[in-house]
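Here's the structure we're looking at; comments come further down.
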Amino acid sequence: MASDLVLYTNPMSRGRTARWMLEEVGAPYEAVVLDYASSMKGLEYLAINPMGKVPAIVHRGKVVTEVAAICAYLADAFPEAGLAPPPAERADYYRWLFFAAGPVEQAFTNKSLGVTPTDQQKRMVGYGCFEQTIDALEAAVSATHYVTGDTFTAADVYVGAQIGFMLQFGMLEPRPAFVAYWNRVSARDAFKRAAAVDDALIAAAQEATAEG
């Protein structure tokens with residue numbers, strides 16, 4: 031690739047979060063849009079991500095997959111963007127970034143699949159129960175302006191994207207704290223730029239399908 035920074039994505043995927051993070055970083059990048067039916071499972075992409083899923087980034091020849099990891103990596107790779115707190119102040123940053131990537135992700139996946147742990151199973155699963163996880167998430171986004179305090183960070187990209195997605199599709203109760211937090215983070219110019227690009231890609235694909 032000619033670019034030092036490449037995003038592999040699909041506009042109807044978690045790649046939207048990675049693009050948002052890239053727009054926050056402000057570094058030039060190349061986007062390679064893959065489709066679910068063919069190129070995402072093709073040998074060329076499987077050499078980058080054997081899971082055959084997007085997003086992935088390649089930065090100076092190094093591959094990073096998993097959205098939370100991509101957000102954290104980009105914040106460190108481009109410190110001038112100010113998207114990671116100083117190392118001594120990263121407790122909340124790491125805590126809520128990985129809380130969203132772990133318990134929140136697990137809780138909503140199980141809920142969407144109709145899986146409800148029994149009282150005994152709650153001791154085994156990382157999130158305990160859905161209700162407890164959502165209450166903890168609400169506390170995280172209502173305690174301060176952003177999840178680490180008054181400053182927006184890469185953790186807000188990931189947490190915010192999850193909340194926005196779940197609100198959009200009715201997967202999350204629209205509690206005032208969730209709605210207010212989402213309104214704050216989605217008002218950012220970087221989010222608007224990223225969403226505009228991906229929405230345009232979706233519209234173009236839909237138009238091509240209709241014409242075909």
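Take 31 as the starting number for the sequence shown in the working numbering and just add one per residue. Quick reminder that beta carbons are idealized off the backbone N, C-alpha and C, glycines included.
Item: Cβ shell of S12 (< 6 angstroms), same chain only, five flanking positions each side left out; Value: Outside the modelled stretch of the chain, which goes from 31 to 242, sits residue 12, for which no answer is possible.
Item: R49 and V209 closer than 8 angstroms at C-beta; Value: no
Item: Residues of its chain near M31, where Cβ-Cβ distance is below 8 angstroms and the 5 sequence neighbours each way are ignored; Value: Low per-residue confidence applies at M31: pLDDT is 43, beneath 50, and the placement is therefore not dependable enough to give any value.
Item: Under 8 angstroms between C-beta atoms of M51 and C101; Value: yes
Item: Between the CA atoms of P115 and D106 - distance to the nearest angstrom; Value: 10 angstroms
Item: Beta-carbon proximity list for Q150, same chain, < 6 angstroms, skipping 5 on both sides; Value: none
Item: Buried or exposed (CB count within 10 angstroms, at least 16 for buried), D186; Value: buried
Item: Three-state secondary structure (DSSP) of G194; Value: helix
Item: Reference F182, options R153, S216, Y157, closest by Cα; Value: S216
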